[in-house]
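Numbering (the numbering used here), first residue to last: 1232 to 1512.
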């Protein structure tokens, strides 16, 4: 049974720390919550979250957010984790990092869902009983125990030896378009926008300003992703994403097929390692 860091006796549910508050991290949290895990999402500012309508991220800013009908609660201080870990399976979200949280509870699982594709990822294996890496940059036995591919054509594949595929700049297609759906920052600076996700925009329309310079929509469509207003950006990162499909087909809220596939694979990875002890089948 999962054990507390402080106090006696087993926890009611396995405790999972997910690095990231983006749409992939949120889809994973929902899937694991549904099989009986207590999940804490830890925010990392790099890269900034753009698909905020598909994630729990906005809870950090006082918003009332549900994703697929499931809510999450803020974990504001490390000691709050004690009560969180001892309760029923639920989802929390925090600005605190691992070093702030680890004195209060032993994590059964750590999942790196930050999707920082080009970063050098350190060895995470000593931080929890099992560590899972999502996307490029992971190698079994070097910085994780098991990994999940997130690349187009291999999305959701389990990697149990070797490394995940390197990032190559390709994006998962949507409406027949890939990388051209996004606008990337050319440099660093403060991002300002008055637009909301879900707004219809047109090619050339100025959606926001980075360090005072205008940033325009690359094509017609619905804003599927957008960095939150008044965010300090360290480039190059994605600033916005367009869904080129019609309003009836476009989706900017709730989990999508890609996220659910990665989440299912993550649950399968934990089952493979037999470290989801105490979870419902």
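Glycine included, each C-beta is placed from N, C-alpha and C at the ideal position.
These numbers come from a predicted model, not from an experiment.
Where do the N-terminal and C-terminal ends of the beta strand (DSSP E) with residue 1343 fall, by residue? One-based indexing of the chain shown puts residue 1343 at position 112. Run containing residue 1343: 1340 to 1343, per the beta strand (DSSP E) assignment.
Distance check for residue 1317 and residue 1240, CA to CA, integer angstroms please. Residue 1240 sits at position 9 when you count from the first residue of the chain shown. Residue 1317 sits at position 86 when you count from the first residue of the chain shown. Low confidence applies here, because residue 1240 scores a pLDDT of 48, under 50, leaving its location unreliable; read the following figure in that light. In a straight line, the C-alpha of residue 1240 is about 10 angstroms away from that of residue 1317.
Would you call the CB atoms of residue 1375 and residue 1387 closer than 8 angstroms? Within the chain shown, numbered from 1, the residue matching residue 1375 stands at position 144. Within the chain shown, numbered from 1, the residue matching residue 1387 stands at position 156. No.
Kindly indicate the opening and closing residues of the beta strand (DSSP E) around residue 1469. The count along the chain shown starts at 1 and reaches residue 1469 at position 238. Taken as a continuous stretch (DSSP letters only), the beta strand (DSSP E) holding residue 1469 covers 1469 to 1474.
Contact check, residue 1514 vs residue 1417 under 8 angstroms by CB: the rounded distance? Outside the displayed span of the chain (1232 to 1512) sits residue 1514, for which this structure offers no information.
Separation of residue 1271 from residue 1320, as counted between CA atoms: Counted from its first residue, the chain shown places residue 1320 at position 89. Counted from its first residue, the chain shown places residue 1271 at position 40. Answer to the nearest angstrom: the Cα atoms are 11 angstroms apart.
Classify residue 1427: buried if its beta carbon has 16 or more other beta carbons within 10 angstroms, exposed otherwise. Taking the first residue of the chain shown as position 1, residue 1427 is located at position 196. Residue 1427 is exposed by the Cβ-count criterion.
How would you label residue 1512, buried or exposed, when you count the other beta carbons within 10 angstroms and need 16 or more for buried? By one-based count along the chain shown, residue 1512 stands at place 281. Interpretation of residue 1512 is limited by its pLDDT of 40, a score under 50 that renders its predicted location unreliable; the figure taken from the coordinates is listed afterwards. So residue 1512 counts as exposed.
Take residue 1334 as the anchor and find which of 1323, 1324, 1358 has the nearest alpha-carbon. Along the chain shown, read from residue 1 onward, the residue named residue 1334 stands at position 103. The residue with the shortest Cα to Cα distance from residue 1334 is 1358.
C-alpha gap between residue 1360 and residue 1439, whole angstroms: For the purposes of this step, residue 1360 is taken as residue 129 along the chain shown, with counting starting at 1. For the purposes of this step, residue 1439 is taken as residue 208 along the chain shown, with counting starting at 1. Straight-line Cα distance between these residues: approximately 43 angstroms.
For residue 1483, write down the residues that DSSP places opposite it in a beta bridge. The residue given as residue 1483 occupies position 252 in the chain shown. Note: residue 1483 sits in no beta bridge, so no partner.
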